[in-house]
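Peer 1: Going left to right, the sequence shown walks through residues 11 to 162 as our numbering numbers them.
Glycine included, each C-beta is placed from N, C-alpha and C at the ideal position.
These numbers were taken from a predicted model, which means no experiment stands behind them.
Here it is, the structure in full.
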Amino acid sequence: MLKKYQVVLSEAERKQLLVLVRKGKSSALRQTRARILLQADSGTQGLSWSDAQIHQALGVAISTIERTRLHFVQDGLEAALSGRASSRHYERILDGEAEAHLVALACSEPPEGHVRWTLRLLAHRMVELEYCDALSYETVRRTLKKTHSSRG
Numbered sequence: 011m012l013k014k015y016q017v018v019l020s021e022a023e024r025k026q027l028l029v030l031v032r033k034g035k036s037s038a039l040r041q042t043r044a045r046i047l048l049q050a051d052s053g054t055q056g057l058s059w060s061d062a063q064i065h066q067a068l069g070v071a072i073s074t075i076e077r078t079r080l081h082f083v084q085d086g087l088e089a090a091l092s093g094r095a096s097s098r099h100y101e102r103i104l105d106g107e108a109e110a111h112l113v114a115l116a117c118s119e120p121p122e123g124h125v126r127w128t129l130r131l132l133a134h135r136m137v138e139l140e141y142c143d144a145l146s147y148e149t150v151r152r153t154l155k156k157t158h159s160s161r162g
């Protein structure tokens with residue numbers, strides 16, 4: 011069956027992949043992708059294995075093999091080895107000013123009846139003071155860790 015995305019490696023690309031696989035200094039995922047490309051190579055010196063054969067030999071999913079082929083054909087060798095960067099963008103709950111207020115609050119005296127600030131108390135107080143609409147204690151923890159702040 012003729013594959014939609016045929017991998018045809020140049021001599022330089024093949025040498026680069028062989029060096030990458032033989033040295034073993036890169037991540038396992040990168041090496042697996044390099045092996046997929048070497049085995050899928052339809053060039054004159056390539057193995058031209060089917061997806062099923064590569065799946066059997068490497069133990070990776072067929073979809074991974076297809077995706078690696080696709081990235082190689084559309085984006086080139088480096089994109090096939092590295093994968094695509096995530097395009098997800100997360101909106102920050104706390105901006106710099108709110109983070110500063112959180113740190114100042116964590117350094118202040120705890121509320122009456124408490125020995126020290128807890129993460130949940132800090133999150134609740136930040137919402138009470140209307141620095142944000144909602145705030146989880148995990149976000150408070152990450153922010154305080156990032157700023158190297160201690161709660162006492």
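When DSSP builds the beta bridges, which residues end up paired with Asp143?
Peer 2: Asp143 is not bridged to any residue.
Peer 1: May I have the straight-line CA-CA distance separating Thr149 from Ile64, to the nearest angstrom?
Peer 2: Those two C-alpha atoms are separated by around 43 Å.
Peer 1: Do Arg40 and Leu91 have their CB atoms nearer than 7 Å?
Peer 2: Contact: yes.
Peer 1: If you pair each beta-carbon of the region 106 to 117 with each one of the region 133 to 146, do three or more pairs fall below 8 Å?
Peer 2: The answer is yes - the region 133 to 146 touches the region 106 to 117, with three or more Cβ pairs under 8 Å.
Peer 1: The alpha helix (DSSP H) that contains Thr42, what's its start and end?
Peer 2: Taken as a continuous stretch (DSSP letters only), the alpha helix (DSSP H) holding Thr42 covers Ala38 to Ala50.
Peer 1: What does the Cβ neighbour count give for His158, buried or exposed, with the cut at 16 atoms within 10 Å?
Peer 2: Under this definition His158 is an exposed residue.
Peer 1: Just to confirm before moving on: does the CB-CB distance between Ser58 and Ser52 stay below 7 Å?
Peer 2: Result yes, Cβ atoms of Ser58 and Ser52 sit closer than 7 Å.
Peer 1: I'd like to know whether the C-beta atoms of Tyr15 and Val83 end up nearer to each other than 7 Å.
Peer 2: Yes, the pair counts as a contact, with Cβ atoms nearer than the cut-off.
Peer 1: Rounded to whole angstroms, what is the Cα-Cα separation between Asp85 and Thr42?
Peer 2: Straight-line Cα distance between these residues: approximately 18 Å.
Peer 1: Which first and last residues belong to the alpha helix (DSSP H) in which Thr74 is found?
Peer 2: Segment Ile72 to Asp85, the alpha helix (DSSP H) holding Thr74.
Peer 1: Which partner residues of Val17 appear in the DSSP bridge assignment?
Peer 2: BP columns for Val17 point to Asp51.
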